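For the sequence shown, the residue numbers in numbering that gives the first Met the number 0 are 0 to 92.
Virtual Cβ for every residue (Gly too), placed ideally from N, Cα, C.
Predicted model only: the values in this text are computed from it and were never measured.
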Amino acid sequence: MFHIVSAFAQFERDMISERTKLKLNHLRSKGIKLGRPQKVDIQRVLALRESRLSLNKIGREMGCDKSTISKLLKKYSCVDNQRGSGAVVEISE
0 MFHIVSAFAQ FERDMISERT KLKLNHLRSK GIKLGRPQKV DIQRVLALRE SRLSLNKIGR
60 EMGCDKSTIS KLLKKYSCVD NQRGSGAVVE ISE
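Written out as structure tokens, the structure reads:
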């Protein structure tokens with residue numbers, strides 16, 4: 000008896016998983032962004048970086064760690080490759 004109930008429970012879990020995956024794929028295909036909103040405003044970070052503030056000071060200003068700022072700048076590939084230059088090249092999203 001336990002095996003039958005267990006099999007139905009597994010089947011239901013599989014059905015829920017399949018419906019969830021289908022819905023997420025549908026939303027992605029419509030261009031809807033998923034996940035939590037970004038904590039740090041990239042435009043504000045760029046403005047602070049343009050004013051030659053260090054990553055540490057920008058991090059304190061934005062309420063996050065300097066590594067978060069560094070990763071964000073690398074993600075948007077908008078810093079010059081020279082270490083410490085702080086020159087903004089472009090934003091490519």
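In this structure, how does DSSP classify residue i when only helix, strand and coil are distinguished?
i: residue 41; result: helix
i: residue 48; result: helix
i: residue 32; result: coil
Could you tell me the boundaries of the alpha helix (DSSP H) in which residue i lies?
i: residue 59; result: 54-61
i: residue 64; result: Where residue 64 is concerned, there is no enclosing alpha helix (DSSP H), given that its DSSP letter is neither H nor E.
i: residue 27; result: 1-28
For my contact list, residue i and residue j are in at a C-beta cut-off of 8 Å; report their separation, rounded to the angstrom.
i: residue 39; j: residue 72; result: Not quite, the Cβ-Cβ distance comes to about 10 Å (not below 8 Å), so this is no contact.
i: residue 33; j: residue 23; result: 7 Å
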